[in-house]
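Line order of the protein sequences matches chains A and B.
For the first sequence, numbering that gives the first Met the number 0 assigns the number 0 to the initial residue and increments by one for each residue that follows.
For the second sequence, numbering that gives the first Met the number 0 assigns the number 0 to the initial residue and increments by one for each residue that follows.
Note that CB positions come from ideal geometry on N, CA and C, so glycine has one too.
Number of protein chains: 2
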Amino acid sequence: MTAKFRELFDAQPALIQAPMAGVQDAALAIAVDAAGAVGSLPAAMFSPEQLDTELRKLKAAMGNRFNVNFFAHSEPAPDADADARWREALAPYYAEFGIDVANIRPGPGRAPFSHAVADIVEPYRPALVSFHFGLPPDDLLARVKAWGSRILSSATTVEEARWLEAKGVDAVIAQGLEAGGHRGHFLSHDLTCQQGTFALLPQIVRAVKVPVIATGGIATAEGVAAAMALGASAVQAGTAFMLCNEAKTSALHRAALRQASARHTALTNLFTGRPARGIVNRLMRELGPMGAAAPAFPLATAALAPIRAAAEAKGSGDFSPLWSGQNIDGCRAVPAAEQVRELTRLL
Amino acid sequence: MTAKFRELFDAQPALIQAPMAGVQDAALAIAVDAAGAVGSLPAAMFSPEQLDTELRKLKAAMGNRFNVNFFAHSEPAPDADADARWREALAPYYAEFGIDVANIRPGPGRAPFSHAVADIVEPYRPALVSFHFGLPPDDLLARVKAWGSRILSSATTVEEARWLEAKGVDAVIAQGLEAGGHRGHFLSHDLTCQQGTFALLPQIVRAVKVPVIATGGIATAEGVAAAMALGASAVQAGTAFMLCNEAKTSALHRAALRQASARHTALTNLFTGRPARGIVNRLMRELGPMGAAAPAFPLATAALAPIRAAAEAKGSGDFSPLWSGQNIDGCRAVPAAEQVRELTRLL
Chain A
0 MTAKFRELFD AQPALIQAPM AGVQDAALAI AVDAAGAVGS LPAAMFSPEQ LDTELRKLKA
60 AMGNRFNVNF FAHSEPAPDA DADARWREAL APYYAEFGID VANIRPGPGR APFSHAVADI
120 VEPYRPALVS FHFGLPPDDL LARVKAWGSR ILSSATTVEE ARWLEAKGVD AVIAQGLEAG
180 GHRGHFLSHD LTCQQGTFAL LPQIVRAVKV PVIATGGIAT AEGVAAAMAL GASAVQAGTA
240 FMLCNEAKTS ALHRAALRQA SARHTALTNL FTGRPARGIV NRLMRELGPM GAAAPAFPLA
300 TAALAPIRAA AEAKGSGDFS PLWSGQNIDG CRAVPAAEQV RELTRLL
Chain B
0 MTAKFRELFD AQPALIQAPM AGVQDAALAI AVDAAGAVGS LPAAMFSPEQ LDTELRKLKA
60 AMGNRFNVNF FAHSEPAPDA DADARWREAL APYYAEFGID VANIRPGPGR APFSHAVADI
120 VEPYRPALVS FHFGLPPDDL LARVKAWGSR ILSSATTVEE ARWLEAKGVD AVIAQGLEAG
180 GHRGHFLSHD LTCQQGTFAL LPQIVRAVKV PVIATGGIAT AEGVAAAMAL GASAVQAGTA
240 FMLCNEAKTS ALHRAALRQA SARHTALTNL FTGRPARGIV NRLMRELGPM GAAAPAFPLA
300 TAALAPIRAA AEAKGSGDFS PLWSGQNIDG CRAVPAAEQV RELTRLL
């Protein structure tokens with residue numbers, strides 16, 4: 000099945016390093032590319048200037064042989080009531096850390112893909128552009144296709160996979176429930192629709208003709224081989240790269256991933272407003288993990304930012320998003336190239 | 000890895016038909032055994048007389064080469080308040096179907112394994128005895144081991160697998176979140192601890208020395224091969240056998256499994272009091288799927304029974320437990336022997 004993926008991207012092996020906003024930049028992608036796999040740049044949290052800088056680094060290292068990932072959500076309208084409810088829920092923590100609520104400024108946002116962002120990306124014509132939370136509007140998608148990028152997007156159900164194929168994607172990423180970070184669902188927000196990789200992957204492989212990239216819980220060479228046995232054309236691994244030397248994973252986050260307690264993750268909407276999988280910590284235990292008070296994505300981040308910063312200053316990850324998939328057994332603090340070799344050992 | 004399983008049970012192939020209370024009896028196990036795999040009898044819902052009858056059928060067909068499965072929960076104390084709350088939640092349905100609440104009698108219960116049940120089982124000395132929801136008390140477990148049965152039990156976390164190994168089980172069943180029917184968790188009732196098979200299976204394989212049997216979302220030959228690639232010594236498949244000729248799956252349940260909407264399952268406590276995976280239906284949509292009003296396992300069943308019966312009499316599965324795993328692609332209305340051949344095609 001890997002031949003289907005190689006028609007899109009001549010990677011040997013058919014392994015994609017998952018784009019992970021907040022814990023990596025071009026450095027990880029460059030190291031993965033040097034080892035022969037597909038490096039990805041997560042663009043959702045970069046400013047326009049940062050994005051251009053990172054793209055320039057990628058171009059210098061590997062031409063256009065990379066994947067750049069964008070979020071494709073709709074920006075929510077400002078909602079003062081929702082923001083007030085969220086701040087009220089967080090009030091005990093503001094008090095605990097002595098934070099002056101009047102000083103809270105908008106934190107790092109997550110802007111959806113737009114023509115303004117496309118203006119930055121177009122000169123680089125990345126081989127692959129992947130989206131999370133569906134796809135951008137048709138005209139924007141057509142623009143990306145017109146400059147020659149192949150389009151990938153995440154499906155968390157069979158229905159989403161069929162929808163993406165009908166919209167003309169070149170490959171579907173089947174995101175099993177084990178995956179770390181944000182769930183990519185976009186047709187239904189009912190979390191009971193989300194399936195484990197063992198169920199989701201083969202059902203999507205049967206449902207669509209485009210290549211299917213497996214992700215979620217795949218963290219070892221055996222996992223990669225198993226995903227291929229289930230019909231995947233390629234595998235995308237994220238958590239397995241989080242301890243790599245070239246990742247920008249914080250010391251706090253690295254320490255959390257090294258503990259056995261990291262096996263207890265949960266989907267939580269508290270950090271951004273959308274469900275994402277992270278290691279269970281104090282905020283998740285006390286307000287959730289799914290909390291009714293969290294505002295629409297991505298508006299939860301700003302009000303939480305000063306609490307997170309105050310806790311991190313004391314060496315605590317109690318209020319930090321400690322994204323992780325459910326399978327931490329593959330995490331190794333090694334160069335990314337060594338992780339690529341290990342993950343693809345059985346291919 | 001299958002050699003590890005064959006030291007316990009000389010099955011060729013290393014495939015176990017999952018015990019499925021309510022949808023099968025000895026007939027399915029006998030057909031599976033005749034095809035060379037391991038047939039299982041689910042004992043949790045049988046009366047003592049039924050259990051003896053079914054065991055006699057198994058003995059006549061295959062000696063002691065079978066698996067018999069018991070629930071190992073603690074029986075809850077009667078709780079009149081909880082029962083009243085549950086009946087109040089169900090009151091609109093009693094009214095809708097014209098049911099006289101005064102006439103409600105205890106429905107089919109689910110008794111835990113006990114010395115009285117062991118008295119029935121002992122003469123048959125089944126090759127395998129499997130437990131769900133942990134293990135019975137030590138003296139009872141010792142009794143089963145003393146008569147020569149090998150012990151299997153379900154683990155839904157790495158911690159549970161280690162606990163079971165320490166208690167002396169001969170093999171651990173790694174039950175991924177995709178699995179249909181009751182979750183087997185017993186150390187923590189926090190559902191966020193539950194993992195997809197892709198994450199759970201390899202982590203348990205690394206954590207214990209006993210053979211690991213994979214279950215959850217495995218419904219095709221490719222799935223069986225993938226589980227073996229992840230280190231399973233054997234695979235247990237349930238949903239894939241539910242449409243087989245020899246299963247006792249009701250016509251309503253069979254019809255539900257044949258629809259694409261069967262892909263939407265959820266964990267629900269409404270039918271028994273414990274979370275179990277079934278196809279989403281009206282009761283689950285209106286009161287749950289996880290409902291605070293449901294009493295402790297297995298006490299939810301009785302008060303719901305007349306509503307279920309009234310709905311089923313009208314041809315509706317709106318109030319029936321339509322147990323199913325997340326992967327329905329392997330369901331085929333064929334003889335069980337043909338399903339065994341298909342599932343093990345790649346071994």
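The stretch 63-77 of chain B makes contact with the stretch 121-136 of chain B: 3 or more CB pairs, one atom from each, lie closer than 8 Å. Residue state for A30(B) is assigned as helix, using DSSP reduced to three classes. Cβ-Cβ separation between L199(A) and G222(A): approximately 15 Å, too far for a contact (criterion under 8 Å). For P297(B), no beta strand (DSSP E) segment is defined, and its DSSP state is neither H nor E.
Relative to Q194(A), the option among P210(B), P201(B), G215(B), L14(B) whose CA is nearest is G215(B). Under the three-state reduction of DSSP, Q174(B) is assigned to strand. Across the structure, D9(B) and L139(B) are spaced so that their CA atoms are roughly 26 Å apart. In the three-state reduction of the DSSP assignment, V157(B) falls in the helix class, which pools H, G and I. Secondary structure of H252(A) (DSSP, three-state): helix. Taken through DSSP and simplified to helix, strand or coil, H131(B) comes out as strand.
Its Cα nearest to that of A17(B), the residue Q235(B) stands out among Q235(B), A225(B), R124(B).
G324, Q325, N326, I327, D328, G329: these are the residues of the stretch 317-332 of chain A whose beta carbon lies less than 9 Å from some beta carbon of chain B, given in chain order. Closest option to R205(B), judged by alpha-carbon separation, among E164(B), S187(B), F270(B), V31(B): E164(B).
If you check each beta-carbon in the stretch 273-296 of chain B against every beta-carbon of chain A, the ones closer than 8 Å belong to V279, P288. Contact of G175(A) with chain B by beta-carbon distance below 7 Å involves G195, F197.
Counted as a single uninterrupted DSSP element, the beta strand (DSSP E) harbouring Q235(B) occupies residues 233-236.
By the neighbour-count criterion, in which 16 or more other beta carbons inside 10 Å mark a residue as buried, E245(A) falls on the buried side. Residues A115, V116, I119 of the same chain have their beta carbon placed closer than 8 Å to that of P47(A), with the five preceding and five following residues left out of the count. At a C-beta separation below 7 Å, R205(B) has these neighbours in chain A: D328.
Our two residues, I150(A) and P334(B), have alpha carbons roughly 43 Å apart in a direct line.
Taking the beta carbon of E221(A) as reference, the chain B residues within 7 Å of it are P201, A228, L229, G230, listed in sequence order.
Inclusion of G62(B) and M44(B) in the CB contact set at 7 Å is not warranted, their separation being larger than that value. Here V279(A) has H263, A265 as same chain residues with Cβ atoms under 6 Å from its own Cβ, once five neighbours each way along the sequence are excluded. Inclusion of S323(B) and A261(B) in the CB contact set at 7 Å is warranted, their separation being smaller than that value. Closest by C-alpha distance to A34(B), out of G277(B), A336(B), L345(B), is A336(B).
Counting only unbroken stretches of 4 or more residues, the alpha helix (DSSP H) elements lying wholly within the stretch 37-81 of chain A are 47-61, in sequence order. Short of 6 Å from the beta carbon of R281(B), and not among the five residues preceding or following it, lie these beta carbons of its own chain, in chain order: D317. With contacts defined as CB atoms closer than 7 Å, P294(A) and G272(A) qualify as a contacting pair. In this structure, the alpha-carbon of I98(A) lies about 22 Å from that of G290(A). Close to V234(B), with beta-carbon spacing below 7 Å, lies no residue of chain A; the smallest spacing is near 11 Å. Neighbours of T191(B) in chain A, taken as residues whose beta carbon is under 8 Å from its own, are H263, T264, A265, L266, V279, P288 in chain order. Between the C-alpha atoms of L186(A) and S113(A) there is a straight-line separation of about 20 Å. Going by beta carbons, V207(B) and V171(B) fall inside the 7 Å limit.
The C-beta separation of A239(A) from A218(A) comes to about 4 Å, placing the pair in contact by the 8 Å criterion. The C-beta distance from E53(A) to D24(A) rounds to 5 Å, short enough to meet the 8 Å contact threshold. The Cβ atoms of F4(A) and A28(A) lie no closer than 7 Å to each other.
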